[in-house]
Amino acid sequence: MTHISGLWLLLFPVLVFGGEPGSAESYGPRADRGIFGERPADHGTYQDKSPDQGESAQRERLDPRLQLLLAALVPGLPQLLEGKSRAYGYFAAEAVSIAGLVVLTSRGDSHGSRYRTLAQTARRNFVFTGLRNNPDEVADPNIPGYGEYYEDMLKWSSSGDLDNDPSQPGIQPETDTRTYDGHQWQIAKINNYTLSNGGIPAPGSLEEVQLALEAYQRQVYPLELNWDWTGLDAEYREYHHLFDQSEAAYRRRSGFAALLLANHLVSVLDVLVSEKLGASNSLRKTGVQVHLEMRRPLSAPNGAPPLPAVTLSRRF
Numbered sequence: 001m002t003h004i005s006g007l008w009l010l011l012f013p014v015l016v017f018g019g020e021p022g023s024a025e026s027y028g029p030r031a032d033r034g035i036f037g038e039r040p041a042d043h044g045t046y047q048d049k050s051p052d053q054g055e056s057a058q059r060e061r062l063d064p065r066l067q068l069l070l071a072a073l074v075p076g077l078p079q080l081l082e083g084k085s086r087a088y089g090y091f092a093a094e095a096v097s098i099a100g101l102v103v104l105t106s107r108g109d110s111h112g113s114r115y116r117t118l119a120q121t122a123r124r125n126f127v128f129t130g131l132r133n134n135p136d137e138v139a140d141p142n143i144p145g146y147g148e149y150y151e152d153m154l155k156w157s158s159s160g161d162l163d164n165d166p167s168q169p170g171i172q173p174e175t176d177t178r179t180y181d182g183h184q185w186q187i188a189k190i191n192n193y194t195l196s197n198g199g200i201p202a203p204g205s206l207e208e209v210q211l212a213l214e215a216y217q218r219q220v221y222p223l224e225l226n227w228d229w230t231g232l233d234a235e236y237r238e239y240h241h242l243f244d245q246s247e248a249a250y251r252r253r254s255g256f257a258a259l260l261l262a263n264h265l266v267s268v269l270d271v272l273v274s275e276k277l278g279a280s281n282s283l284r285k286t287g288v289q290v291h292l293e294m295r296r297p298l299s300a301p302n303g304a305p306p307l308p309a310v311t312l313s314r315r316f
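Using UniProt numbering, the first residue of the sequence shown is number 1, and each one after it goes up by one.
If you want it as structure tokens, here you go:
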């Protein structure tokens with residue numbers, strides 16, 4: 001056997017797979033047994049009370065389809081019903097993954113709620129001609145079409161003015177490229193103007209001006225969502241911190257979701273492999289056994305969940 005940790009490990013596969021049924025365990029005197037524990041034929045009144053035999057019989061009573069269903073729904077349950085210790089590895093992985101999902105989702109939502117509250121402060125701080133924003137009347141911009149709104153508030157200290165001069169007809173785009181709106185207007189001109197004046201994009205026709213204005217309006221946010229972090233340095237730093245913490249929690253959550261899915265898949269694979277090997281007469285004859293176990297790698301940090309491992313053994 002490739003894994004020899006004691007004499008009982010050497011004998012166990014033979015006791016399980018070798019000899020006649022009911023001969024794996026015996027509670028009679030040692031003199032009544034053969035070298036591998038086989039019971040002589042004259043002990044006809046012997047009654048086997050081996051737990052291994054009971055577990056084997058229980059496994060035979062379970063329909064393979066039922067085992068697959070149990071493995072998919074509750075990883076480790078079929079293995080527990082068979083008395084396999086690796087079932088606890090599946091339970092541990094399931095508990096760790098679910099706990100990680102719950103904790104990280106709660107943490108991400110909590111940080112998200114706090115930075116959205118600070119975003120209202122920045123919107124309230126933005127003043128445009130004759131009016132002041134009232135964030136309490138603004139719907140939460142976390143809706144389709146505004147998925148990058150809070151990220152843009154992170155990158156730009158001010159949105160700028162949607163209309164730089166409301167007293168004039170039409171829209172006069174923001175020209176300060178240090179603001180979000182001003183940057184969008186600069187991009188719109190570069191993409192739509194065909195002429196250049198000293199390195200500055202210039203329109204070749206009124207049609208190009210109209211195209212640039214339309215592109216600008218598609219990219220900027222509505223007036224009620226403008227923001228300004230001027231004078232709110234402490235709030236701006238806190239906004240950065242909370243945003244990063246929220247995004248980090250959601251990214252880490254995906255790892256636990258992958259662990260949860262993998263745990264279910266490995267449990268199903270465990271049942272399939274066990275059923276296939278259990279029905280293989282050729283493997284029984286050669287004495288080769290394949291074991292699917294949950295083990296913690298030697299290099300894994302403390303508290304890390306066990307991982308599935310396949311080991312081979314052979315009886316002699």
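Built from N, CA and C at the ideal position, the CB exists for glycine as well.
- Task: Whole angstroms is fine: what's the gap from residue 234's alpha carbon to residue 204's?
- Result: So the two alpha carbons sit approximately 45 Å from each other.
- Is it true that the CB of residue 242 sits closer than 8 Å to the CB of residue 325? Because the chain spans 1 through 316 in this model, residue 325 falls outside it and cannot be assessed.
- From the DSSP output, read off the bridge partner residues of residue 166. In DSSP, residue 166 forms no bridge with anything.
- Message: I'd like to know whether the C-beta atoms of residue 156 and residue 173 end up nearer to each other than 8 Å.
- Response: No, Cβ-Cβ distance for residue 156 and residue 173 is not below 8 Å.
- With a CB to CB cut of under 7 Å and the five nearest residues on each side skipped, what residues in its chain are close to residue 179? Taken in chain order, the residues that qualify are 156, 158, 159 and 160.
- Query: To the nearest angstrom, how far is it from the Cα of residue 298 to the Cα of residue 251?
  - Reply: Pairing residue 298 with residue 251, the inter-Cα distance amounts to about 26 Å.
- Query: Secondary structure at residue 226, three-state DSSP: helix, strand or coil?
  - Reply: Looking at residue 226 - three-state DSSP - the assignment turns out to be coil, as it is neither helix nor strand.
- Message: If you reduce the DSSP assignment to three classes, tell me which class residue 200 lands in.
- Response: Looking at residue 200 - three-state DSSP - the assignment turns out to be strand.
- Query: Exposed or buried, which one is residue 263 when buried takes at least 16 other CB atoms within 10 Å?
  - Reply: Answer is buried; the Cβ neighbour count reaches 16.
- Which of the three DSSP states, helix, strand or coil, is assigned to residue 66? It is helical.
- Task: Using the Cα positions of residue 274 and residue 220, report the straight-line distance between them to the nearest angstrom.
- Result: Taking the straight line from one Cα to the other gives about 60 Å.
- Task: Find the nearest neighbour of residue 163 within the set 101, 181 and 150, judged by alpha-carbon distance.
- Result: Checking every option, the nearest Cα to that of residue 163 belongs to 181.
- Query: When the Cβ atoms of the region 211-220 are set against those of the region 65-82, are three or more pairs found closer than 8 Å?
  - Reply: Taking 8 Å as the limit for Cβ pairs, the verdict is that the region 65-82 does not touch the region 211-220.
- Task: Put residue 110 into one of helix, strand or coil per three-state DSSP.
- Result: In the three-state reduction of the DSSP assignment, residue 110 falls in the helix class, which pools H, G and I.
- Query: What residues match up with residue 195 in a beta bridge as DSSP calls it?
  - Reply: Per DSSP, the beta-bridge partners of residue 195 are 202.
- Task: Look at residue 202 and residue 211 and say whether their C-beta atoms are less than 8 Å apart.
- Result: Note that the C-beta distance between residue 202 and residue 211 is not below 8 Å.
- Query: Quick one, which of 103, 89, 222 and 101 has its alpha-carbon nearest residue 126's?
  - Reply: Here the closest residue by C-alpha is 222.
- Item | residue 193 versus residue 93: straight-line alpha-carbon distance, rounded | Rounded to whole angstroms, residue 193 to residue 93 spans 58 Å at the Cα level.
- Task: With DSSP collapsed to three states, give me the class of residue 273.
- Result: Of the three classes helix, strand and coil, the one that applies to residue 273 here is helix, per DSSP.
- With DSSP as the reference, label residue 254 as helix, strand or coil. Residue 254 sits in a helix when the DSSP states are folded into three classes.
- Proximal residues to residue 177 (C-beta, below 7 Å), its chain only, five neighbours per side dropped: Leaving aside the five residues that flank residue 177 on each side, the residues in its chain whose CB is nearer than 7 Å to its CB run, in chain order, 183 and 186.
- Evaluate residue 267 with the Cβ neighbour count: other Cβ atoms within 10 Å of its Cβ, from every protein chain shown; 16 or more gives buried, anything less gives exposed. Classification of residue 267: buried, given that the 10 Å Cβ count is 16 or more.
- Query: For residue 111, does the count of other Cβ atoms within 10 angstroms reach 16, so buried, or fall short, so exposed?
  - Reply: Around the beta-carbon of residue 111, 16 or more other beta-carbon atoms lie within 10 Å, marking it buried.
- Query: If you check the beta carbons only, do residue 232 and residue 122 fall under 8 Å apart?
  - Reply: A distance below 8 Å separates the beta carbons of residue 232 and residue 122.
- Leaving out the 5 sequence neighbours to the left and right, which residues in its chain are closer than 8 Å to residue 240 when beta-carbon positions are compared? So the list reads 154, once near-sequence residues are dropped.
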